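Asker: Have a look at this one before I ask anything.
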Amino acid sequence: MGAQKKRAAAAAAAARVSEDPDDLARQPLQAILLADSFTTKFRPITLERPKVLLPLLNVPMINYTLAWLEAAGVAEVFVFCCAHSKQVIDYLENSEWFSQPNFTVKTIESHNIISAGDALRLIYEQNVIHGDFVLISGDTVSNMSLTQALQEHKERKKKDNNAVMTMIIKKSKPSPITRQSRLGTDELFMAIDPNTKQLLYYEDKADHSKGTICLDKMLLAENPSISLHNDKQDCYIDICSPEVLSLFTDNFDYQHLRRHFVKGLLLDDIMGYKIFTHEIHSSYVARIDNYRSYDIVSKDIIQRWTYPYVPDVKFCGNRATKLERRGMYRASEIEQSRSAQVGSFTVIGYGTKIGSNSKISDSVIGEGCTIGSNVLIEGSYIWDNVIIEDGCELRHVIVCDGVIMKAGAVLKPGVVLSFKVVIGERFVVPAYSKVSLLQQPTVHDSDEELEYADNSSGTVEFSSIQGTADQSNGEMTSESSEAHKPKLGTGGVGYIWSICEGGQEEEWRHSVAPIPEDKLAELSEAMDDDQELVTQDRTALSTSGELISDSNASEGDDNEDSKDDSVYFEKEVEATFLRAVEENVKVDHVILEVNSLRLSYNMTSADCAGAVFYSMMKLAVKTPHSSARIAYMLAVGLLSLYPSPFSMVASNAYPIYLSGELQQNTANIITTWQKLLKSYLLEIDEEIEIILKFEEMCLESAKEFSPLFARILHILYDKDILQEDAILRWADEKEGADESDKVFVRQSEKFIQWLREASEEED
Amino acid sequence: MDFQVVVLAGGTSKKLVPLVSKEVPKALLPVANRPVLSYVLEQLELSNIKDLIVVVEGADAALRVGGWISAAYVDRLHVEKVLELQGYTVRVQVATVPEDVGTAGALRAIAHHLTAKDVLVVSGDLVSDVPPGAVTAAHRRHDAVVTAMICSVPVSGLSEAGSSGAKDKTKKPGRYNIIGMDPTKQFLLHIATGAELEKDTRIRKSILRAVGQMDIRADLMDAHMYAFNRSVLQEVLDQKDKFQSLKQDVLPYLVRSQLKSEILINGAPQGQQAKENGNDKVSYRILANASTPSFHELYALGPNGSAPVRRTHKCCVYIASNSKYCVRLNSIQAFMDINRDVIGEANHLSGYNFSAQNNIIHPSAELGSKTTVGPHCMLGEGSQMGDKCSVKRSVIGRHCRIGSNVKVVNSVVMNHVTIGDGCSIQGSVICSNAQLQERVALKDCQVGQGYVVSAGCEYKGESLARKEK
C-alpha cells in the first residue's frame with residue numbers, strides 16, 4: 001500500500017514536472033518488456049520453459065534485451081511475465097539485474113492474459129507509465145542507439161499530439177521466392193510517406209491469394225507521394241507515448257500489437273492517431289520469432305554483428321569465453337580429444353567434453369555436455385548437460401537441456417528435441433519432427449482466438465511424463481496411450497509431435513535447417529504461375545478503360561461499381577416493396593419512396609420499373625402456397641375452362657398445379673400493384689426493360705417462372721402494363737440473338753404471332 | 001540516331017469545342033499566335049530529330065495541318081536540301097488516319113512507315129521545353145521497350161473561377177495518373193490512368209517483391225511522349241487488336257507484363273546483335289557488368305543465379321525536372337493556361353522577344369490613346385485598339401479590331417476578331433472571325449468561330465458557337 005502511495009506521489013510529481021516541455025527530456029525513460037510472445041512458434045520447448053529464458057549462445061535471451069535497454073538509456077523496465085512467470089521472476093531475482101545502479105527492473109505478473117493487448121491494458125491499470133516508453137519483447141537482440149529515434153519521436157509529439165508511436169524498421173529484403181525474410185518472418189508490406197516517414201499501410205500475415213495491395217484512394221488523395229516497401233523489416237521496437245496504453249484500454253478488442261493495434265490506428269481516421277517509422281541503417285536489431293531466426297541471430301552474434309553483445313564481452317549473465325581464430329568461442333574447462341575437429345564459427349560452453357574423431361562445425365554447444373566419439377554435429381544448437389553418445393549425427397537441429405542421445409542416433413535437419421528427451425539407439429528422427437516428453441495438446445485449432453488461448457501455456461495442464469521419465473525408461477511403454485505414441489527406438493523417451501493442420505508444408509519455413517533446394521525450385525515455379533494469374537486477371541481489368549466493344553470489358557472491374565449500385569438499388573426497392581405489402585402502404589407512398597431511392601442511386605425510370613417488377617415477381621414466388629391454395633384451385637379451374645392458345649407451350653417440367661398457383665399469385669400481385677408499376681412505364685423502353693428483366697429472372701433468380709413466361713407475358717399485356725409494341729419490339733430485337741437467348745421468344749411465339757395478326761387486322 | 005518520330009496531332013477534339021472546328025483542328029490552335037504543333041516541332045528540331053511523321057485524324061484536318069506545315073517549313077526544307085549532301089535532312093510526312101481510331105489505332109495505320117529501331121511518339125498538343133533527346137537517351141540507356149516522359153502535374157486554373165476551373169476545384173485538383181517507380185526513379189512499375197484513379201489503387205505484390213521498394217506518386221502525370229522499341233510496339237499493336245489508346249492500353253499493358261514478358265522479340269534482337277557484330281555484343285556485356293543489374297535482370301535469374309529463366313522487359317521513365325515546362329493542350333482550361341504561361345512565366349518557349357514592359361506588341365499594331373497593354377500580354381500583327389482600352393494577361397491575335405473602352409483580362413482573342421466599344425472580356429476565348437457588338441460582357445465564356453454576340457449581351461460561363469451545318 002505504502003509503495004503504491006509513493007508511486008502515486010511520484011506520478012503526480014512527474015506530471016507536474018512534465019508541464020515544462022524542457023523537462024520532458026529529463027524524465028527517466030521507461031520500457032515495457034513483454035516476457036511472453038503470445039505465440040506458439042517455439043513449442044514444444046516453451047511448454048516447459050519460457051521463451052525469454054531460452055539460451056542464445058548459452059545466455060538466456062532476456063539478458064540481451066535487458067543489456068541493450070540499459071545501454072540505450074532506459075531507466076526503468078517493467079518485465080511483464082505471463083507464461084511460466086514463476087521461472088522468469090525467479091531467474092531475474094537471482095540475476096544481477098535487480099542490483100544494477102540507475103537501472104531498475106520490475107516484474108508484473110499475470111496468468112490469465114492471452115495477448116499483448118491484455119498485457120498493456122493491465123499495465124495501464126497499474127498506472128506505472130508516466131511518459132514515453134519503449135515497448136519491446138524479451139526476445140530482441142539489438143545494439144542500436146535510441147537517441148535519434150527518441151529525439152524524433154519527441155519532436156513530432158510536440159508538433160502533433162497525435163503522433164503516438166514510432167516504429168523502428170530496418171532494411172531487409174525478403175526473398176521473392178520464399179516470401180519471407182532471412183529471419184523467417186513473413187514478408188511485410190508497408191506504405192510510408194517518404195517525407196514525414198508516417199506509416200500509412202501495414203500488411204503482415206500477407207494473404208498470398210491476393211496478388212495485389214490495395215491502397216485506399218483517399219490515401220493517395222492526401223499524400224501525393226508514397227513509398228511502398230517490401231524491403232523493410234519490422235524490428236518490433238516501438239517508442240510509444242502514454243496514449244498508446246489508453247488506446248489499448250479504449251479498444252478492448254485490440255489483442256495483437258500489429259494486426260490489431262497498428263492496423264486499427266491506420267484504418268481509423270476518426271481519432272487521427274499517427275504512427276511514424278524510424279529506419280536504422282548500420283546497427284543491428286533482430287527479434288527471435290521462430291526457429292529460423294534463432295538460427296540466424298545466433299550466427300549473427302557469432303559473427304559479431306551484435307557487438308558488444310557477443311560471448312567474449314562480459315555483459316550480464318554470460319560466462320567468460322575466449323574468442324579464438326576462425327570465429328571459435330571457447331569457455332574454460334573444456335575437455336577435448338586431440339582427434340576431435342572443432343570447425344569455424346562454433347561456441348563451446350563451460351565444462352563440455354568432446355570425444356575423439358568428433359566433428360563439430362557452425363554449432364553452439366552448451367555447458368556440461370558430453371559428446372562421444374565419432375559424432376558429427378553441423379549447424380546445430382546443443383543446450384546444457386546434453387549427452388550425445390558415440391556415432392550420433394546431428395545436422396541443423398536444436399537439442400534442449402538434459403537430452404540423451406543413445407549411440408548411433410541420427411537427427412535429420414529441422415528436428416527439435418525438447419527437455420530431457422531420450423533418443424534410442426540407432427534411431428533416426430525424421431526431418432522437422434519435434435520431440436517432447438509432453439504430449440501434444442490435442443485440441444489444436446488454427447483459429448486465432450484459440451491461438452491466444454493456447455498461449456497462456458503456463459496455466460494449461462499437460463499430461464506430463466517427466467516425473468516418471470527420470471525413474472525408468474522402461475516404464476514408459478506401460479504408460480497410457482501406447483498405441484499412438486511413436487517410439488523413439490529402444491530406450492527412447494518422449495513423444496514425436498505430429499505436425500498438425502497442413503503444417504508439414506510450412507514446417508521448413510521456420511525451421512533451423514536451411515531451406516532445401518528442391519523446395520526453392522518448386523516455389524520459384526509457383527511464383528511463375530502466380531505471376532501468370534496476376535497478369536491474366538489484370539488484362540481483363542485494364543481493358544475496361546476504353547474498350548466497351550471488348551466482351552471482357554463488360555465484366556471488368558470498371559463496371560463493378562455501377563453493378564454494385566444497381567444491385568443495392570434493387571435490394572432496397574425490394575425491401576421497400578415488401579414492407580409496403582406487409583404494412584398495406586398506399587401505392588402513392590410507395591411510388592414516393594421508390595422515387596427517392598431512384599434519386600439517391602441515380603437510376604433511370606427503366607431501372608425502377610425493372611426493380612419494382614423484380615420485387616413483385618419475387619413476392620409472387622415467395623407467397624406461401626397455403627394461402628393461395630384456393631386461389632390456385634380456382635385458377636386451375638379457370639385455366640381448364642378457358643384454355644388459352646399458348647398454355648400448351650408451357651413446359652411440363654413443373655407440375656401444372658404449382659405453376660398454376662404461381663401464375664395466379666403473379667396475376668393477383670400484378671393486379672394489386674399495377675399502378676405502382678405503371679408509374680414507371682413512361683415509354684416503350686421501360687416496358688422492354690421489364691420483359692428483359694423477366695427473362696433474366698427466369699434464367700437466374702426465379703427459374704420457377706420459366707415455364708410460365710408466355711402466360712405471364714399475356715397477363716401483363718392484359719393488364720395494359722405492356723403494350724403490344726413493346727412485346728413486338730422485344731421479339732424483333734431478339735431475332736438476331738443467340739439460339740440460347742431465344743428460348744422465351746419461342747415460348748411466346750404463338751402469343752406474338754397472335755399480336756402481330758391483331759395489329760395487322762387493325763391496320 | 002536511329003529514331004523515328006511520330007507526332008500525333010489529333011483531329012478536332014470534342015473536348016475543345018467550340019475552339020476547334022473543321023477549319024481549325026486541334027493542332028493548329030494558336031498558342032501565343034502560333035499553332036500549338038509548332039512548339040513540338042521546334043523541340044524536336046532542337047534535339048536534332050529530323051525524321052517526322054505527323055499523324056492527323058480526318059482528311060479535312062490533315063489537309064489543314066499539311067498546308068500549314070508545308071507553308072511553315074518551306075523555307076527551312078529548302079535550306080536542308082542543301083545540307084542533304086552531308087546527310088542531314090528533315091523529312092516531314094503528313095499521314096491521315098480515320099477519325100476515332102485512337103492513338104494506338106493511328107500507329108497501327110501508319111505502321112508500314114515505321115522502320116527505325118525505336119520510335120518516339122509525341123502528342124502534338126504538348127507544349128514543353130523538355131528536350132525529346134533526353135527521353136530517347138534514357139530509352140537507349142536501358143534498352144527499354146518503352147520509356148515514358150513523366151512531368152509534374154501543371155498548376156491549373158490560376159485564373160480563378162472559370163467554368164472548367166470550378167469543376168476542377170470540387171474534385172481533387174490535378175490527379176491525372178498514379179505512377180509507381182523504383183527508388184532510382186528510372187523504371188516504371190505501375191501506372192493508373194482514367195477511371196482507375198477513382199478506385200483504390202491496387203499494386204501487384206509480385207513486382208513489389210522483385211523491386212523491394214516502389215515510390216508511388218499521385219502528383220506526376222504521363223506527358224504523352226513515349227519512346228517505343230519499334231518491333232515491340234508493332235507486335236503489341238498486332239496482337240492486341242482491341243487496344244485503342246497508347247496511354248490507357250498499350251503503356252499499362254507493357255508495364256503490367258514487364259516481369260512476365262509476352263513479347264517474343266525481346267530475346268531476338270540481342271541474338272541478332274551478336275551475329276551482326278561480335279564487338280557490339282562484347283561492349284554490351286561490359287556495359288551490363290559495369291552497372292549493377294536492374295531488378296529485372298535479377299528477377300530473370302534462376303534460383304541459383306544461373307542463366308535467365310524468365311523473360312522480362314524494361315519500362316523506363318524520364319522525369320522532367322520541375323523547372324521545365326510541360327503541359328498538354330487537351331482542355332479549354334489548359335488552352336487558357338498555356339496561352340497565359342507562354343507569354344508569362346514560360347515565355348522562353350514563345351520564341352518572341354519581350355519588350356521592357358514584358359509584353360509583345362507587334363510593330364504594326366495600333367493603339368488608341370490612353371490604352372494600356374499590361375505585362376504578359378501579346379498583341380498580334382495589324383491589330384487595332386481604340387481609346388481607353390485595357391489589356392491584362394491576354395493574347396490578342398492578328399488583325400483584330402477592338403473598339404474603345406474595351407477591357408480584356410485573362411483571355412485569348414484569336415485572329416480577325418471584331419470587338420465593339422465598351423466590351424468587357426474576362427477569362428474567355430474568342431475564336432477567329434467572331435464579332436462582339438457593343439457593350440458585350442463575357443466572363444468565362446468561349447465564343448466559337450464566326451459567332452456574332454449581339455450588343456449589350458452578358459454571358460457568364462457559357463459556350464457560344466454557331467450550330468454546325
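Keeping their order, the protein sequence lines are chains A and B. Here UniProt numbering is used: position 687 in the first sequence is 687, and no number is missing along the way. Here UniProt numbering is used: position 444 in the second sequence is 444, and no number is missing along the way. We put the CB at the ideal spot given by N, CA and C, even for glycine. A quick note: this is a predicted structure, and the numbers were derived from the prediction, not measured.
Roughly how many angstroms separate the alpha carbons of B:Tyr318 and B:Ala137, rounded to a whole number?
Answerer: Position 318 of the second sequence, counting from 1, holds the residue named residue 318 of chain B. Position 137 of the second sequence, counting from 1, holds the residue named residue 137 of chain B. B:Tyr318 and B:Ala137: Cα-Cα distance of roughly 9 Å.
Asker: Any C-beta of chain B sitting closer than 8 Å to the C-beta of A:Cys235?
Answerer: Residue mapping note: residue 235 of chain A aligns to position 235 of the first sequence, counting from 1. Chain B contact via Cβ: absent.
Asker: Against B:Glu57, what residues of chain A qualify as contacts under a CB-to-CB distance less than 7 Å, listed in chain order?
Answerer: Within the second sequence, the letter at position 57 stands for residue 57 of chain B. Correct list: empty, because the minimum Cβ distance to chain A is about 16 Å.
Asker: Which value, in whole angstroms, describes the spacing of the CA atoms of A:Asn112 and B:Ile150?
Answerer: Sequence index remark: in the first sequence, residue 112 of chain A carries index 112 (1-based). Sequence index remark: in the second sequence, residue 150 of chain B carries index 150 (1-based). Between A:Asn112 and B:Ile150, the C-alpha separation is close to 58 Å.
Asker: Which residues, in order along the region 264-285 of chain A, keep a beta-carbon less than 8 Å from a beta-carbon of chain B?
Answerer: Cβ contacts with chain B: none found.
Asker: Roughly how many angstroms lie between the CA atoms of A:Lys586 and A:Trp673, to the nearest whole one?
Answerer: Position 586 of the first sequence, counted from the start, is the residue given in the question as residue 586 of chain A. Position 673 of the first sequence, counted from the start, is the residue given in the question as residue 673 of chain A. Cα to Cα, the separation comes out at about 10 Å.
Asker: May I ask which residues mark the beginning and end of the alpha helix (DSSP H) holding A:Arg711?
Answerer: Here residue 711 of chain A refers to the residue found at position 711 of the first sequence. From DSSP, the alpha helix (DSSP H) with A:Arg711 extends over Phe709 to Asp718.
Asker: Just to check my reading of the structure: B:Ile110 and B:Val6 have Cβ atoms closer than 8 Å, yes? What is that Cβ distance to the nearest angstrom?
Answerer: What you label residue 110 of chain B is simply residue 110 of the second sequence in a count that begins at 1. What you label residue 6 of chain B is simply residue 6 of the second sequence in a count that begins at 1. Yes, they are in contact, since the Cβ atoms of B:Ile110 and B:Val6 sit about 7 Å apart, within 8 Å.
Asker: Taking Cβ positions only, does B:Glu198 come closer than 8 Å to chain A?
Answerer: If you number the second sequence from 1, residue 198 of chain B lands on position 198. Judged by the 8 Å Cβ criterion, B:Glu198 is in contact with chain A.
Asker: B:Ala27 and B:Gly10 look like a contact to me (Cβ under 8 Å); what is the Cβ gap, rounded to whole Å?
Answerer: The count along the second sequence starts at 1 and reaches residue 27 of chain B at position 27. The count along the second sequence starts at 1 and reaches residue 10 of chain B at position 10. That pair is a contact at about 6 Å.
Asker: For the candidate residues A:Trp508, A:Ile288 and A:Ser436, whose alpha-carbon lies nearest to that of A:Ile496?
Answerer: The sequence position of residue 496 of chain A within the first sequence is 496, counting from 1. Checked all of A:Trp508, A:Ile288 and A:Ser436; the closest Cα to A:Ile496 is A:Ser436.
Asker: Please check if any C-beta of chain B sits within less than 8 Å of the C-beta of A:Asp537.
Answerer: Your numbering for residue 537 of chain A matches position 537 in the first sequence. Bear in mind that a pLDDT of 45 at A:Asp537, under 50, signals an unreliable position, so the number given afterwards is only what the model happens to contain. Chain B, which has no Cβ nearer than 8 Å to the Cβ of A:Asp537, makes this no.
Asker: Taking the beta strand (DSSP E) that A:Ser142 belongs to, which residues open and close that run?
Answerer: Here residue 142 of chain A corresponds to residue number 142 of the first sequence, with the count starting at 1. Thr140 to Ser142 is the span of the beta strand (DSSP E), which, as asked, contains A:Ser142.
Asker: Taking A:Ala667 as the reference, which of A:Met697, A:Val621 and A:Ser679 has the closest Cα?
Answerer: Here residue 667 of chain A corresponds to residue number 667 of the first sequence, with the count starting at 1. Residue A:Val621 is the option with its Cα nearest to A:Ala667.
Asker: Under a Cβ-count criterion, where at least 16 other Cβ atoms within 10 Å of its own Cβ denotes burial, should A:Glu687 be classed as buried or exposed?
Answerer: The residue labelled residue 687 of chain A in the question sits at position 687 within the first sequence. The residue is buried, with at least 16 neighbouring Cβ atoms inside 10 Å.
Asker: If you count every other CB in all the chains shown that lies within 10 Å of the CB of A:Arg395, and 16 or more means buried, which is it?
Answerer: Translated into the one-based positions of the first sequence, residue 395 of chain A becomes position 395. Under this definition A:Arg395 is a buried residue.
Asker: What is the DSSP secondary structure of A:Ser298, reduced to helix, strand or coil?
Answerer: Working through the first sequence from its first residue, we reach residue 298 of chain A at position 298. Helix at A:Ser298.
Asker: If we count the other Cβ atoms within 10 Å of its Cβ and call it buried at 16 or more, is B:Asn358 buried or exposed?
Answerer: Here residue 358 of chain B refers to the residue found at position 358 when the second sequence is read from its first residue. Burial call: exposed.
Asker: Below 8 Å, can you find three or more Cβ-Cβ pairs linking the region 66-75 of chain A to the region 378-386 of chain A?
Answerer: Not touching, per the Cβ criterion.
Asker: Just verifying my parser: in three-state terms, what is the DSSP assignment at A:Gly492?
Answerer: For the purposes of this step, residue 492 of chain A is identified with residue 492 of the first sequence, where counting begins at 1. DSSP places A:Gly492 in coil when its eight states are reduced to three.
Asker: Buried or exposed: A:Pro224, going by 16 or more other Cβ atoms within 10 Å of its Cβ?
Answerer: By 1-based counting over the first sequence, the position of residue 224 of chain A is 224. So A:Pro224 counts as buried.
Asker: My output table needs one value for B:Lys407: the three-state DSSP class, helix, strand or coil.
Answerer: The residue you call residue 407 of chain B lines up with position 407 of the second sequence. Of the three classes helix, strand and coil, the one that applies to B:Lys407 here is strand, per DSSP.
Asker: Is it a yes or a no for the region 176-193 of chain B touching the region 345-359 of chain B, going by three-plus beta-carbon pairs under 8 Å?
Answerer: No, the region 176-193 of chain B is not in contact with the region 345-359 of chain B.
Asker: Would the beta-carbon of A:Gly327 fall within 8 Å of that of A:Asn162?
Answerer: Locating residue 327 of chain A in the first sequence gives position 327, counting from the first residue. Locating residue 162 of chain A in the first sequence gives position 162, counting from the first residue. No, Cβ-Cβ distance for A:Gly327 and A:Asn162 is not below 8 Å.
Asker: Less than 8 Å between the beta carbons of A:Val141 and A:Tyr309, yes or no?
Answerer: Working through the first sequence from its first residue, we reach residue 141 of chain A at position 141. Working through the first sequence from its first residue, we reach residue 309 of chain A at position 309. It is a contact, given that the beta carbons lie within the stated cut-off.
Asker: Quickly, what does DSSP pair A:Lys353 with across the bridge? List them, please.
Answerer: As a working mapping, residue 353 of chain A is identified with position 353 in the first sequence. Answer is A:Glu335 and A:Thr370, bridged to A:Lys353.
Asker: Examine chain A for any beta-carbon lying closer than 8 Å to the beta-carbon of B:Arg311, and answer yes or no.
Answerer: Residue 311 of chain B sits at position 311 when you count from the first residue of the second sequence. Output row for B:Arg311: interface = no.
Asker: Check B:Asn177 in the structure and name its three-state DSSP category.
Answerer: As a working mapping, residue 177 of chain B is identified with position 177 in the second sequence. Of the three classes helix, strand and coil, the one that applies to B:Asn177 here is strand, per DSSP.
Asker: Where A:Asn473 and A:Lys406 are concerned, what is the direct C-alpha to C-alpha distance, given to the nearest angstrom?
Answerer: Working through the first sequence from its first residue, we reach residue 473 of chain A at position 473. Working through the first sequence from its first residue, we reach residue 406 of chain A at position 406. Reliability of the predicted coordinates at A:Asn473 is poor, the pLDDT of 40 falling under 50, and no value is obtained from them.
Asker: Counting only Cβ-Cβ distances shorter than 7 Å, please list the residues of the region 208-238 of chain B near chain A, keeping chain order.
Answerer: Within the region 208-238 of chain B, the qualifying residues are Leu208, Arg209, Ala210, Gly212, Gln213, Met214, Asp215, Ile216, Arg217, Ala218 and Asp219.
Asker: Kindly provide the ranges of any beta strand (DSSP E) runs that are 3 or more residues long and lie completely inside the region 136-208 of chain A, ordered along the chain.
Answerer: For the region 136-208 of chain A, whole beta strand (DSSP E) runs of length 3 or above, ordered along the chain, are 140-142, 163-171, 189-192 and 199-203.
Asker: Where do the ends of the beta strand (DSSP E) carrying A:Leu376 lie?
Answerer: Counting from 1 along the first sequence, the entry for residue 376 of chain A is found at position 376. A:Leu376 -> beta strand (DSSP E) spans Leu376 to Glu378.
Asker: So is B:Thr184 in contact with chain A if we call contact Cβ pairs under 8 Å?
Answerer: Within the second sequence, residue 184 of chain B is the residue found at index 184, counting from 1. Not an interface residue.
Asker: In the DSSP output, what is A:Asn668 paired with across the bridge?
Answerer: As a first step, residue 668 of chain A is located in the first sequence; it is residue number 668 there, counting from the start. Per DSSP, none; premise fails for A:Asn668.
Asker: Return the chain-ordered list of same chain residues with a C-beta closer than 6 Å to the C-beta of B:Asp219, the five sequence neighbours on each side being excluded.
Answerer: The count along the second sequence starts at 1 and reaches residue 219 of chain B at position 219. Excluding positions up to five away in sequence, the list reads Val153.
Asker: Going by the CB atoms, is the gap between B:Val373 and B:Gly386 shorter than 8 Å?
Answerer: Translated into the one-based positions of the second sequence, residue 386 of chain B becomes position 386. Translated into the one-based positions of the second sequence, residue 373 of chain B becomes position 373. No, they are not a contact pair.
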